[in-house]
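A.B. asks:
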Amino acid sequence: MEEIEVVVAHSERATLRVGDVFLKIDADQTRTDVEVEAMAMAPLPTPEILWRKPPVLALAALPGTALGRLGEPSTASSAAWAAAGAAVRMLHDAPLPPWPGRSLDEIASHLDDECEWLVTNGVLPADLVTRNRQVAEAALRPWTPVFTHGDLQIAHVFVDGDEITGVIDWSEASQGDALFDLAILTLGHEEHLGDVLAGYGTDVDLDVIRAWWSLRSLLAVRWLVEHGFDPSSPGCEVDVLRSRL
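Take any residue in the sequence shown, count from 1 to its spot, add 1082: that is its number in the numbering used here.
#1: With H, G and I counted as helix, E and B as strand and the rest as coil, what does DSSP make of Ile1250?
#2: I need the DSSP call for Trp1225, collapsed to helix, strand or coil.
#3: Considering Cα atoms alone, identify which of Asp1175, Phe1262 and Gly1146 is closest to Ala1293.
#4: Return helix, strand or coil for Glu1188, following the three-state DSSP convention.
#5: Considering only their Cβ atoms, is the gap separating Leu1173 from Val1124 smaller than 8 Å?
#6: Start and end of the beta strand (DSSP E) containing Ser1160?
#7: Quick one, are the C-beta atoms of Glu1196 and Gly1232 less than 8 Å apart?
#8: Any heavy atom of the ligand FMN closer than 7 Å to the CB of Arg1298?
#9: Assign Pro1313 to one of two classes, buried (16 or more other C-beta atoms within 10 Å of its C-beta) or exposed (fewer than that).
#10: In this structure, how does DSSP classify Trp1181 when only helix, strand and coil are distinguished?
#11: Would you list the residues sitting across from Trp1133 in a DSSP beta bridge?
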């Protein structure tokens, strides 16, 4: 009898693994609708959809292992990281999905609210928040929309040797900033940014990448705390913010 592994679980969604099958349970079926359609549109390998019976989506496991995890050293090769960059470029060159991403005004307003909450509640030192808010400003500029994954953390990219075998968790896919995807892929793994950009194959503004690191980390802390995760674990979001000082 297969054991049930809880991959992630909180009040909004849960993912369970039973053998080679992943069961995703989401309170918001709109996110699942986006995930299913985005996987069909993406020019990258994605998990096979076995069946869908709301609120459950059953997906086949991908071969290989995750590129890495936030807070842990990645054992993947430089070539694998470069392959991830090349895969991201392929996605960004694909036709746009129908869903618009968040506007600059929405992002800026959310950022201001989170920074105020972090300081008012004493979650992070005011100088740390202020410095990273200043760094984040570089990301708040117009961009040409591309097909973005929207949550391209390294745990969502699977590799076998130096080859990308697939990308999972497409519920945040939308039109967005290409540099956001590149920043999330390298968040907490700055040492692999050069490999990713070599695979991506075009020059990018490194200040904007760093800005998205700060912005994403500032936005994530409250959500992580409220959902039972620890953003102050070594190598995670708080360490990313501290690295900007």
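C-beta: ideal position from N, C-alpha, C; glycine also.
C.D. replies: Once the coordinates are examined:
#1: coil
#2: Of the three classes helix, strand and coil, the one that applies to Trp1225 here is coil, per DSSP.
#3: Relative to Ala1293, the option among Asp1175, Phe1262 and Gly1146 whose CA is nearest is Phe1262.
#4: helix
#5: Note on residue identity: the sequence assigns Ala, not Val, to residue 1124. In contact: Ala1124 and Leu1173 (Cβ atoms closer than 8 Å).
#6: Note, Ser1160: premise wrong, no beta strand (DSSP E); alpha helix (DSSP H) at Ser1160 to His1174.
#7: no
#8: In terms of ligand content, the structure shown is empty, and the ligand FMN therefore cannot be addressed.
#9: buried
#10: In the structure shown, Trp1181 falls within a coil segment according to DSSP collapsed to helix, strand and coil.
#11: For Trp1133, the pairing in a beta bridge is given by DSSP as Ala1140.
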